[in-house]
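2 protein chains.
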Amino acid sequence: MLRISKMTDYATVLLARLAAAPDRQLTATQLAAQSHLGAPTVSKVLKQLHRRGLVSSTLGLRGGYRLARPAAEITAAQILDALEGPVALIECARQTHQCSIESTCGVGRAWQRVNLAIRRSLQEITLLELAGLGGEPVRFAALERALRGGRAERT
Amino acid sequence: MLRISKMTDYATVLLARLAAAPDRQLTATQLAAQSHLGAPTVSKVLKQLHRRGLVSSTLGLRGGYRLARPAAEITAAQILDALEGPVALIECARQTHQCSIESTCGVGRAWQRVNLAIRRSLQEITLLELAGLGGEPVRFAALERALRGGRAERT
DNA sequence: GCAATATAGTACTAAAATAGTCCTATATAG
DNA sequence: CTATATAGGACTATTTTAGTACTATATTGC
Ligand code: FES
Ligand code: FES
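Order-wise, the sequence lines are chains A and B.
Quick note: the first sequence uses our numbering, first residue 1, plus one each step.
Quick note: the second sequence uses our numbering, first residue 1001, plus one each step.
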């Protein structure tokens, strides 16, 4: 249940590598070799990450990629959004809800709460933690809170 | 990000309908009409729900479906599992992890914790709440108040 | 027994999403 | 000017998901 795409998985791996070498500039080829992933695929992911502002790039010879900001300021939610867009748990949970059976079901509202809770938990996980660099354990306080409270979100 | 399949969505709708009529037996055709969904699809979903023990069925004339147990004892996690199986957030999070780059990445562990947290949250949502039948807003608000004093939020 | 109704199981087809590749353009260092 | 590297987009292949169809079996009521 609840898979993330391979591309997103790759993205976290690549970002973790960049996080481990914050002052260096790594090329797509280098990252592909380090990660044992295909070079074209890695390139594609990095391009997407650049589009979404998670990495900065330098063109030309001696170019490459680095994190656009410190690993502690990049969250799992941002990575997910960057690769998969703001798709929600179910169609009904999207802002423009045009579910055909909405009037008769009433389930959508509850799923939205679940969706919200998950988003909140993902916003508390930083790349630092994903990369295993932070030392602090992953926390899920917000998840617990959101599940019970169900407050509004702004993202 | 993090979609559930349409089938799972349908399942919650159908289960919610069954939950709303706990003492009646509804046929697939009736449920399809109520939910404005295709009859073959509804039938398929119900068969799967029966296989996974979430609904009980009666064969033959005057047959139909009903919940296998009270709505309060059916959780969102169970519904998800019934329709989509125990697939995890990423391949690496599965019990039989055979990720090819596992040795070099170290990201898997953190995702596993995210995965676990999401599962736990889904286990706390019951069908009663999904169906909008429980008194859940009060209960959640009270719990939140009791638990308040948590930690700060991050974007 | 027999016909009608309804679920059970399974196999198949169609459609959509995802993954991966390739090509062209552009920027930079030397 | 050339080699290297990213940027963007188009394309194909694969996989997953959704939906349909068909056969078998159980139950009711005549
Ligand atoms: S399935 Fe869309 S609102 Fe319920
Ligand atoms: S991507 Fe599989 S263990 Fe990291």
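Note that beta-carbon positions come from the ideal geometry of N, C-alpha and C, so glycine has one too.
Looking only at C-alpha atoms, which of the options sits nearest to residue i?
i, options, result
"Gln112 (chain A)", "B:Trp1111, B:Glu1129 and B:Ala1072", "B:Glu1129"
"Tyr1065 (chain B)", "B:Thr1075, B:Ala1131, B:Ser1005 and B:Ala1011", "B:Ala1011"
"Leu127 (chain A)", "A:Arg3, A:Arg17 and A:Lys6", "A:Arg17"
"Arg51 (chain A)", "A:Ala32, A:Arg3, A:Leu116 and A:Ala82", "A:Ala82"
"Gln1030 (chain B)", "B:Ser1121, B:Val1042, B:Ala1071 and B:Ala1077", "B:Val1042"
"Val1114 (chain B)", "A:Val45, A:Gly85 and A:Ala77", "A:Ala77"
"Gly1060 (chain B)", "B:Ala1072, B:Ser1035 and B:Ala1028", "B:Ala1028"
"Ile162 (chain A)", "A:Leu80, A:Leu133 and A:Leu67", "This structure cannot speak to residue 162 (chain A), because chain A is shown only from 1 to 155."
"Gly38 (chain A)", "A:Glu73, A:Thr75, A:Ala72 and A:Lys6", "A:Lys6"
"Val55 (chain A)", "A:Gly132, A:Arg69, A:Ala33 and A:Glu84", "A:Arg69"
"Glu1073 (chain B)", "B:Asp1009, B:Leu1002 and B:Ala1131", "B:Ala1131"
"Gln1048 (chain B)", "B:Ala1019, B:Asp1023 and B:Glu1084", "B:Glu1084"
"Ala1032 (chain B)", "B:Val1013, B:Thr1075 and B:Ile1004", "B:Val1013"
"Gly53 (chain A)", "A:Lys44, A:Pro40 and A:Leu67", "A:Leu67"
"Lys1044 (chain B)", "B:Arg1120, B:Thr1008 and B:Leu1116", "B:Thr1008"
"Arg1062 (chain B)", "B:Leu1046, B:Thr1075, B:Gln1025 and B:Ala1071", "B:Gln1025"
"Thr1075 (chain B)", "B:Ser1035, B:Leu1046 and B:Ser1121", "B:Ser1121"
"Arg1003 (chain B)", "A:Ser57, A:Ala21 and A:Leu116", "A:Leu116"
"Asp1158 (chain B)", "B:Glu1124, B:Ala1071, B:Gln1123 and B:Ile1125", "Summary: the structure shown does not reach residue 1158 (chain B), with chain B confined to residues 1001 through 1155, and so no result is reported for it."
"Leu1015 (chain B)", "B:Pro1040, B:Leu1046 and B:His1036", "B:Leu1046"
Using a C-beta cutoff of 8 Å, does residue i count as contacting chain A?
i, result
"Ser1121 (chain B)", "yes"
"Val1042 (chain B)", "no"
"His1097 (chain B)", "Low confidence applies here, because His1097 (chain B) scores a pLDDT of 44, under 50, leaving its location unreliable; read the following figure in that light. Output row for His1097 (chain B): interface = no."
"Gly1064 (chain B)", "no"
Quick check: is the beta carbon of residue i nearer than 8 Å to any beta carbon in chain B?
i, result
"Leu2 (chain A)", "yes"
"Ala117 (chain A)", "yes"
"Ala19 (chain A)", "no"
"Ile101 (chain A)", "Because Ile101 (chain A) carries a pLDDT of 47, less than 50, the predicted location of this residue cannot be relied on, and the following value inherits that uncertainty. Output row for Ile101 (chain A): interface = yes."
Checklist line | Contiguous alpha helix (DSSP H) assignments of at least 4 residues, all confined to the region 1018-1098 of chain B | finding: 1028-1035, 1039-1051 and 1076-1084
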